[in-house]
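Residue numbering for the sequence shown is 1 to 1211, as defined by the UniProt record's numbering. Built from N, CA and C at the ideal position, the CB exists for glycine as well. To start, the structure itself, in structure tokens.
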Amino acid sequence: MSIEKFESQEVKSSSVQAPQYAPLANIRLDVGETIARIRTKWWQLWIPKRPPPPPKDTLEDATIIPIVKASLFSKLTYSWVTPLMVLGYQRTLQASDLWKMDETMAAARLSEQLDKARARRIEEANDWNMKLELGEIDPGVIKRIFWFVQALASKNPRSRRRSLEKYWREIAGRREASLAWSLNEVFGHLFWIGGAFKVFGDTCQMMGPLVVKAIINFSKERSASTEAGIPGVGRGIAMAVGLFLMVICTSVCQHQFFWRSMTTGVLARGALTNCVYKRSVLLTGRARIEYTNAKLVNSISTDISRIDAASQWFVIQGWTAPIQVSVCLIILLVQLGPSALAGFALFLLVAPIQSQVMAHRLRIRKASNVFTDQRAKLLAEVFSTMRIVKYFSYEPPFAQRIAQTRAQEMVGIRKMNNIQSANTAFAYSIPVLAATLAFVTYTKLGSEFDIAVVFSSLSLFQLLRQPMMFFPRAMSVTADAQNALARLTKIFHAETLSQTPFIIDPTQNLALQTKDLTFTWESSSPPTEVTTKQESSNHSFDDVQELLPFHVQNINLEIPRHSLTAIVGKCGSGKSSLLQGLIGEMRVVNGAFSFGGKVAYCPQVPWIQNTTVKNNILFGEPFDEERYWRVVEAACLLPDLEIMADGDLTEIGEKGVNLSGGQKQRISIARALYSKAEIFLFDDPLSAVDAHVGRALFHGAIGPLIQERKTVLLVTHTMHILPYCHKVYGMEGGVISSITTNHPTLPLQILKERVESLTEVQTKSEYNPPIDSQRKGAGIGKNSGRLIKLEKRSTGSVPWSVYWMYVKAGRGFITVPMIVASIILMQGSQIVNTYTLVWWQANTFLKTFSFYQVLYACLGISQAMFTFFMGVSVDTLSTYVSINLHKDAVLNIMYAQMSFFDTTPLGRIQSLLGKDIDSIDNQIPSKLSTVILTVANVLGAVVVISIIEPYFIIAVVVIAFGYSYFASFYKAGAREIRRLDAMLRSLLYAQVSESLTGLPTIRSYGKIPRFIQDNQYYIDLENRALFITVTTQRWLAIRVDCLGAVLVFFVSLFAVVGVSGIDAAQIGLILTYSTTLTQLCGVVTRQSAEIENYMNAVERAVYYGQTESIEQEPPHEIKTTEPPTSWPEDGTICFKDVFMTYRPGLPNVLHHMNIDVGANEKIGIVGRTGAGKSSLVLTLLRIVNFEGMITIDGVDISKIGLRSLRTKISM
């Protein structure tokens, strides 16, 4: 999608609206500390006079992104984003300050286009393959000649040729729909125009050395002229202006390339995320065995991010780098003649080596990804079941497993970083060595050592350094993207269901009809022919029968409309599996079934969303107040709402962590009742509630459905309700073993009347809430009803303490001195290496040319060695950081109080240990190496130029003020936008993770389209920050480059005017340094700001890794109070005046609890739902803190370690 297409579109925001059910945490992000800057002194010209406007109230109040109305100049200079940069400088940016995405950039539209593009390519591939099999496609003359030559060596050439053609038609010649080409079809226009900008910018950049050559020749003319007069200064000034304009043109074109390619990455990332999500929610049971929730979340968080990162590098690798190298070679041939080929031969020699090295790196990446997936899966399993882990004190073994997997992952990451460092050092030294070969050959052939030719050629060789340095990085990133595309392609090829997993036929007479129906659970991926043969040969028939997954077989149901039907049977007989099969969660092996209307499903284990009670009940349906309160009353929820912090607006944690089992079940029942379905599937809904509440639910909620002409299919173990059922099916071993009809001659209407009459009696006698219960149960949206904590957000610069923690975690006392030493040696080698050309031209040491040639080459090689040593030192630092920060964060989270998991979404933890850790592992090391390398080069260049041209210091001071001015504006806003991006990304991952766990419920209610739309909303929400981040980087870069162009202009002006009286060789040296200095200053400013942005990931990891940030459990081991090994012997338990609350600020759940349990006694604890039965057990295990004293066999459990306690109690 071209960015120019925005102008032809009517300005519209994304049509995807905010989810009505979104939890408060999803809408109101932590604003952090508000900082406002207003001009208070007349001389503070850089600070705006007017106070900043306040943030918008909600995210939906944000305005449309102004690029849609921006002028051409504003687009080229990114001035349309300046108001946001100024606002970010004045005060802390909030999420509502970020502009809405235009409709043409919305995830919904782009993912739809990508789906259509992929569908077209699948159709084309299938058409090709079919014609290939039918022999309608001719292989062509070249292939037939190739087959003919191959067949000559065989005994039967004709048969060999036929077999080769058959192989081509059946395997080699077949096509598959390429995801990469589908992406190109959607985003290619924007992407390839960026590549054209890159080529034009590179061409302008390569014209610079020719202007430098002209300026050097001009200075030689000035110094050589004696009688003819000094050449006109105007011509030299014109050259300086031309060099200035070339630098400006290069900057504009190159930054358009980066902006367009990175924008392509952002938009493609959103489209891919939504496409993968749409596939994920439709995966079959067989596919979900391979693609678990953790693996899918990891694909979205890591694989798609790598495709995003590769968008700017693919153009460099694909075609702009070869064009740049070719143009440089042509210019060098013009200047140096055949001598240039000697240097260029070195480039040709190392290109295959680099390719092989990066291919090896790709293999390492693929191997490392296996452990990354294992770690993500293990972390998701552990943190999603943390309550069970703590019950049995399983933290140590799981922590050990995670550490082992992480260690295996880090082996690959360290190898990849070391390869990257070696390749960078290699690429960095190649231009120096190539220039050495070219100059040596140039002088050996008898050419004059012309300083203008030498320094202009050196500038061209140094221009080749950038593609040579970036080429390994481009190959690495592109290889990662290819690997990610292959992994995503497998998800796109995975087996899926339709959006409606079962047939609904409103015209059929029966509510549900099945015929010879057989369902099966999936136990593995689809078996191959080989594995099937192996299993058949290794197992007997009986063994194979035991290995087969559970089946529900030969089901024939005829459920009349408006009836109440029960399914009974012992545990494991297949009752729940039957309902799961009917909603599409099991594979149909044989037979067919259909429903006569809309279905509502109430599972045995309820799925509760991280939102309010009210939104859980509504489940996306429009709010009907009268119906809503009638449903709440029927589900016996009013008493619970009255005691909740904010009534029905109380926020529920992930998986309903702050609800009892009965409360979750009743909310699930209320959701089904409110859905306006015609057919209700209840899977043992009364198992988690008290007996009297169960009777009230049946007679007040389930039974009255018959009055409303609904159909109920009820799985139950409650025998007393069977007389009220029209039909009862008995199940055993996955088959229907019996069918009982209550009074076959009794009309269904009489059964309805029996249910109605009993419902009226029971609801009057057992459940009659007061008149004002609705008013007490209604929430008002107060903060006390919120459970999920807003994510901690820092503001302002990343604290120096974070950098210190980074260095400390990386064993800086060893690695930092290594880095500093390598920088000094590397930069010293480079300065002396370049200055050797001046000595060479002047023969300063009165030596032969061979001396200078050997000196120049040796210094170039030493520079490469020290560069590699610096890279390895940075990699060592980064490796220790990755290991220690991950370990500290995992252990700190694992040993946190259970209240932390109740108030922290799993998606937030996955974002930290997924995307943030990936940034620490892979992004920061390369960027840190780049910053260190360029800072060293900048300092060296400034020192050299200042020594030769003292007036340069004046220009440096002036330009430095400009750099700091723009950098301060950029950093103030960019770091807040990056932090907002991290927080909004957490919301996206939380939505993905949560919805994937509730797929059976979502599918059965037919809510898949709504959740896909919600996913699109959260993608657009994150893209607001991500797209602005990309633009602000270019906003800074083009301004810094313009300042650098001014610096080049002053240097060249000093040279042509000759204010310092320096010779031509020194002029060539300072011009060579100044032209590269412009690029280096821009890189330093941008990359240092990027380092600070990426340090937000370190800041988050450090925050979660500090015990002060997350409240920790008491010690798990206390050696001084360790109970005897035989403890407890008698099992006497004593509660003395125990009070317990789940979190500070909440009311007590247990009050004055005093219990004495004697030795060997069996104790039963009874009470209504929410009375505190489970809380009593949690207190005994010290899952929550309490006041008072609890002793077991006389040992105060608060005095011993948690591991000693929990390993002695079985839950």
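Is there a Cβ of chain D sitting closer than 8 Å to that of Thr997, yes or no? Absence of chain D from the displayed structure is noted, only one protein chain being present.
Opening and closing residue of the alpha helix (DSSP H) in which His360 lies: Run containing His360: 339-384, per the alpha helix (DSSP H) assignment.
Which residue's Cα is closest to the Cα of Asp1041: Lys1119, Met246, Gly1188? If we check each option's Cα against that of Asp1041, Met246 comes out closest.
Closer than 6 Å by C-beta to Lys915: which residues in its own chain qualify, once you throw out the five before and the five after it? Chain order, please. Result list for Lys915: Ser301, in chain order.
Below 8 Å on the Cβ atoms is my contact criterion, and I expect Ile617 with Ala670 to pass it. Report the Cβ-Cβ distance as a whole number of Å. Indeed, because the Cβ distance is near 5 Å, the residues count as touching under 8 Å.
Going by alpha carbons, who is nearest to Ile909 out of Ser850, Arg985, Gln863, Ile959? Selected option, being the one with the closest Cα: Arg985.
Residues near Leu1150 in its chain [Cβ-Cβ closer than 8 Å; skip 5 each side]: Here the set comprises Val1138, Phe1139, Met1140, Gly1172, Ser1175, Leu1176, Thr1179, Phe1186.
Using a 10 Å radius around the Cβ and a threshold of 16 neighbouring Cβ atoms, would you call Thr1107 buried or exposed? Exposed, because fewer than 16 other Cβ atoms sit within 10 Å of the Cβ of Thr1107.
Alpha helix (DSSP H) containing Cys1042: first to last residue? Following the DSSP letters along the chain, one finds Cys1042 inside the alpha helix (DSSP H) bounded by residues 1008-1057.
Apart from the five residues just before and just after Ala95, which ones in its own chain have a Cβ nearer than 7 Å to its Cβ? Only residues of its own chain outside the window of five on either side were considered, and among them Leu29, Leu59, Leu980, Leu984 have a CB closer than 7 Å to the CB of Ala95, listed in chain order.
Which residues does DSSP list as the beta-bridge partners of residue 1219? Beyond the ends of the chain as shown, which are 1 and 1211, falls residue 1219; an answer cannot be given.
Does the beta-carbon of Cys571 have 16 or more other beta-carbons within 10 angstroms, so that it is buried, or is it exposed? Exposed, because fewer than 16 other Cβ atoms sit within 10 Å of the Cβ of Cys571.
Whole-Å CB distance - Glu994 paired with Glu654, under 8 Å assumed: About 7 Å; that satisfies the 8 Å criterion.
By DSSP, does residue 1253 sit in helix, in strand, or in coil? This structure cannot settle anything about residue 1253, because the visible part of the chain is limited to 1 through 1211.
Grab me the residues of Gln1142's own chain with a C-beta within less than 7 Å of its C-beta, minus the 5 sequence neighbours each way, in chain order. Gln is not the amino acid found at residue 1142; the sequence shown has Tyr there. Closer than 7 Å at the Cβ level, and outside the excluded window around Tyr1142, lie Ser899, Val1149, Val1184.
Cβ-based burial, Ser850 [other Cβ within 10 Å; buried from 16]: When all chains shown are included, Ser850 counts as exposed.
From the DSSP output, in three-state form, read off Val798 for me. Shown here, Val798 sits in coil according to DSSP, grouped into three states, outside any helix or strand.
DSSP three-state assignment for Asp450, whether helix, strand or coil: When DSSP states are grouped into helix, strand and coil, Asp450 belongs to the coil group.
Going by CA-CA distance only, name the one from Met416, Ile331, Val1056 that's closest to Ile364. Looking only at Met416, Ile331, Val1056, the smallest Cα-Cα distance to Ile364 is reached by Met416.
Taking the alpha-carbon positions, what's the Met1189 to Lys1199 distance? Linking Met1189 to Lys1199 through their CA atoms gives a straight-line distance of about 10 Å.
Host alpha helix (DSSP H) of Lys116 (start-end): For Lys116, the enclosing alpha helix (DSSP H) starts and ends at 107-134.
What would DSSP say about Tyr852, mapped onto helix, strand or coil? Secondary structure of Tyr852 (DSSP, three-state): helix.
Buried or exposed for Glu678, going by 16 or more other Cβ atoms inside 10 Å? With 16 or more other Cβ atoms inside 10 Å of its own Cβ, Glu678 counts as buried.
For Thr284, which of Arg1182, Phe492, Thr848, Pro1114 has the nearest alpha-carbon? Among Arg1182, Phe492, Thr848, Pro1114, the Cα nearest to that of Thr284 is on Phe492.
Alpha-carbon to alpha-carbon, Ala990 and Leu912: Computed Cα separation, rounded: 12 Å.
Between Ala107, Cys275, Asn129, which has its C-alpha nearest Asp115's C-alpha? Residue nearest to Asp115 within the set Ala107, Cys275, Asn129 is Cys275 (criterion: CA-CA distance).
Whole-angstrom distance between Met101 and Lys69, CA atom to CA atom: When rounded, the separation of the alpha-carbon atoms in Lys69 and Met101 is 13 Å.
Outcome for Lys155 when other beta-carbon atoms lying within 10 angstroms are tallied against a minimum of 16: Under this definition Lys155 is an exposed residue.
Taking C-beta to C-beta, are Gly584 and Leu713 nearer than 8 Å? Not closer than 8 Å, so no.
When DSSP labels each residue in this structure, what does Gly973 get in the three-state scheme? It is helical.
Straight-line Cα distance separating Leu637 from Gly1006: Cα to Cα, the separation comes out at about 25 Å.
How do the segment 875-885 and the segment 1089-1106 stand: do at least 3 beta-carbon pairs fall below 8 Å, yes or no? Touching, yes.
Mapping the DSSP letters down to three states, classify Gln897 as helix, strand or coil. Assignment of Gln897 by DSSP, reduced to helix, strand and coil, places it in the coil class.
Rounded to whole angstroms, what is the Cα-Cα separation between Asp202 and Thr250? Here the alpha carbons of Thr250 and Asp202 stand approximately 7 Å from one another.
Go through its chain and collect everything with a Cβ distance to Ala294's Cβ below 6 Å, but skip five positions before and after it. The beta carbon of Ala294 sits closer than 6 Å to the beta carbons of Ala376, Lys377, Ala380 from its chain, once the five residues preceding and following it are set aside; these are given in chain order.
Whole-angstrom Cβ separation of Phe191 and Ser261, contact assumed at under 8 Å? The pair is a contact, with the Cβ atoms about 6 Å apart (cut-off 8 Å).
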